[in-house]
Each structure stands twice: as structure tokens, then as C-alpha cells.
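Q: Protein chains in written order, with this note's numbering: chain A, 1 to 157; chain B, 1 to 207. Beta carbons: idealized from backbone N, C-alpha and C, even for Gly. Predicted, not measured: the structure shown is a model, and the values here were computed from it.
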């Protein structure tokens, strides 16, 4: 490839200011001696100038306000989701703590034996199974209530 | 003017302050940042997707994503490059979602995308520069229309380099490509643009 050909390949990038210092120097040196490349460089610089002065689009009406409203709405929804997750977690923890406390109290009061219909209710396995059922029931009721609240909030927004 | 504002230390410090407040979830900081970048971000998205409604939606999604990710934003990074890279990724995702759709739009949206409008309405008969301005506008409109014929990846590098005045490294960060790819895309985009202009105006060489 001749010097002219390799320099011609750099002309567009020169107009974009995308050459490194050495390439730029070589191109300028070549263009001083090559009228065809000088003319091409001039054309490319007109393209660059035109690209910097393109007709500008107008921003749609209320775009900023609409964006801000959408961000605020999404922030409220995200805060709600976080609060709901925290509430559900706290409820589950509370239920387990209450269950465990009652189990300990029940064991002390009953001396470790409270048989109902053949099952020892204060045995750890039986008690934890019962507690689990109660926790899940509580969580289901809470989830229903929170879901209802979320739908109401969404309607309000 | 935008570049001047970016170079102004007070403006830069104002932006940093707004970013800090944005991290704390300050709604006024959000308004300030949207206001600061709305023209540039919308223009970038419009050049990229060409469809005003899609650009509008992507603009909103970009700020939603910014609010989600601002806590993880590294303040040592260039905020503008980060913001535009968020917008770029959302545009790519949107494109993936509707790959089967045609990328050609109606003449109306092309006119809007190129910023075209009734320049004639703003020209007065007694304005001595009216003809020159009209010619400038026509040249600009032809160039903008030719850009619309280029692939999205080429439109993107052209707008980032020439309209946003981003450095090549910043363009690489926005588009998530190596520096060498930025250069080759720029070169191909300019060649494509010139070919489109030559087709539009056979015999005329300049832009």
C-alpha cells in the first residue's frame, strides 16, 4: 500500500479528531504535499462541521415532569415493597419467638407433658409443627392484607 | 454552550453536588439532573432509536435505572459517560425485545428525529441572512436525513463524537466496546454518511 493510500484511509478519522499524535503529524505532512488529500481533508472537515451543527430535536412537552412523576411513583412502590418484605419478616420472627416462649412456659407449667388425644403437645416436634402452621396462616393473612393495601395505593396514584 | 458549561468548574462542582444529593434521594436533585441532561440525553436516544415515542420512554426508563443504580455509581467515573451507557444498555434491551420489527419509520418521525420543522416560519423576508440560514438549514436537514439511513451503531458513534463532543474513550465506555472498535465504527459511519450524501446529491462533494 502506497503512502497516499494509507493516508487516504485516515482522512475521515482526522476530521473526527480520532487520530493519535503521530498519525496526525504524518497526515499533515502528506497533505502539505498532496493536493488531492488536502482537498479531501477539507471536504471531511465540512462534514465534521455539518455534524456539529445538525438541526436539533425539541424535547417533548412535559418530558421532565413526566419522568420525575414516574421516578417518584416507582420510588414509592419500591419503598412499599421493601416495607412489606420487612413487615412479613418481622411478623414471622415474632411468631416464632412467641411460639418458642410459649413452648418453654408450657413445659415448665405442665412438667413436660400435656397429652391431648394421644399426642404430647409440649413435645418439641409437635409444638414446632403446630407453630409452623400458625406462622404460615399469619403470614398468609398479612400478605392478603398488604396486597390489598398495595392495590388501593396503586389506584390512588 | 453545553461544552462551556461542562468545562466550567462551578458547573462541574454543581453537578457533583447534585449527584451527591441524588444519592440521598433528594427529589430536587433529580429535577436538577433531568433538567441539566434532558436535551442531550433525549437527542442521543432519538438519534439512536429514531422513534420519538421510543426515545421518550427510554428517557424515562434511563432515569428510573439511574435512581436504582446511583448508590453503586463510582464518583470517580465520568457521570455523563455513565448516564449515556445506562441509556445505551436500555436501548439495546428494547431492541432485543422487538427484533422482528422493521427499523424503518414513517416520514413524520424521520422529520422529527432530524429536528426538522418549519424553518420557513421562523425566517423573515427582511432578514438579510435569511437565505444563508435557509441554505444552512437545508444542508443540515439533508445531512440529518442521511444519518437516518445509517445503522444504529454508526448513528450512535456519530452523535456521541460530534454532537456530544465525547472523547473516544468515553464513547467506548458508553457503547461498551474497545477503543479500536470505536475508531473503525467512526470511520465506517463517516464513509457511509458520505456515500448517502453522494447518492442524495450526485456530483456535489461537500456536506
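1) Nearest CA to the CA of residue 90 of chain B: which residue from B:74, B:73, B:54?
2) Can a CB atom of chain A be found closer than 8 angstroms to the CB of residue 166 of chain B?
3) Against chain A, does residue 143 of chain B count as a neighbour if the rule is that its beta carbon must be under 8 angstroms from one of theirs?
4) With which residues is residue 119 of chain A paired in a DSSP beta bridge?
5) Rounding to the nearest angstrom, what Cα-Cα distance links residue 160 of chain B and residue 12 of chain A in this structure?
6) State the Cα-Cα distance for the pair residue 95 of chain B and residue 172 of chain B, rounded to the nearest angstrom.
7) To the nearest angstrom, report how far apart residue 196 of chain B and residue 61 of chain B are at their CA atoms.
8) Would residue 136 of chain A be called buried (16 or more neighbouring beta carbons within 10 Å of its own) or exposed?
9) Looking at the structure shown, is residue 7 of chain A part of a helix, part of a strand, or coil, going by DSSP?
10) Excluding five sequence neighbours on each side, which residues of the same chain lie with their C-beta closer than 8 angstroms to the C-beta of residue 113 of chain A?
11) I want to know whether the stretch 42–61 of chain A touches the stretch 22–30 of chain B - three or more CB-CB distances under 8 angstroms.
12) Give a yes or no on whether the minimum CB-CB distance between residue 163 of chain B and chain A is below 8 angstroms.
13) Buried or exposed for residue 140 of chain B, please, with buried defined as at least 16 other CB atoms from any protein chain shown within 10 angstroms of its CB.
14) If the cut is a Cβ gap below 7 angstroms, which residues of chain A does residue 198 of chain B touch?
15) Using 8 angstroms as the threshold, is the C-beta distance between residue 54 of chain A and residue 14 of chain A below it?
16) Chain B beta carbons: is any one of them nearer than 8 angstroms to that of residue 7 of chain A?
17) Taking any Cβ of chain A, which residues in the stretch 54–72 of chain B have a Cβ under 9 angstroms from it, in chain order?
18) DSSP on residue 34 of chain A, reduced to helix/strand/coil?
19) Taking only beta-carbon positions, decide if residue 44 of chain B is within less than 8 angstroms of chain A.
20) When the distance is taken between beta carbons, is residue 77 of chain B closer than 8 angstroms to residue 146 of chain B?
21) Going by the CB atoms, is the gap between residue 92 of chain B and residue 66 of chain B shorter than 8 angstroms?
22) From the beta carbon of residue 38 of chain B, is the nearest beta carbon of chain A less than 8 angstroms away?
23) Identify the contact partners of residue 158 of chain B in chain A, using a Cβ-Cβ distance below 7 angstroms as the criterion.
A: Inspection of the coordinates gives the following:
1) Proximity to residue 90 of chain B across B:74, B:73, B:54 peaks at B:54, based on C-alpha coordinates.
2) Not one chain A Cβ lies under 8 angstroms of residue 166 of chain B.
3) yes
4) A:116
5) 16 angstroms
6) 20 angstroms
7) 33 angstroms
8) Exposed is the call here.
9) Residue 7 of chain A sits in a helix when the DSSP states are folded into three classes.
10) 120, 122
11) No, the stretch 42–61 of chain A does not touch the stretch 22–30 of chain B.
12) At least one chain A Cβ lies under 8 angstroms of residue 163 of chain B.
13) It is buried - the Cβ of residue 140 of chain B has at least 16 other Cβ atoms within 10 Å.
14) Those within 7 angstroms of residue 198 of chain B in chain A number zero; the least Cβ separation is about 11 angstroms.
15) Here residue 54 of chain A is not near residue 14 of chain A, since their CB atoms are 8 angstroms or more apart.
16) no
17) 55, 56, 59, 60, 61, 62, 63, 64, 66, 67, 68
18) coil
19) Chain A, which has no Cβ nearer than 8 angstroms to the Cβ of residue 44 of chain B, makes this no.
20) Not a contact, by the Cβ cut-off of 8 angstroms.
21) no
22) Yes, contact with chain A.
23) Ordered by position in chain A, the residues that pass the 7 angstroms Cβ test against residue 158 of chain B are 51.
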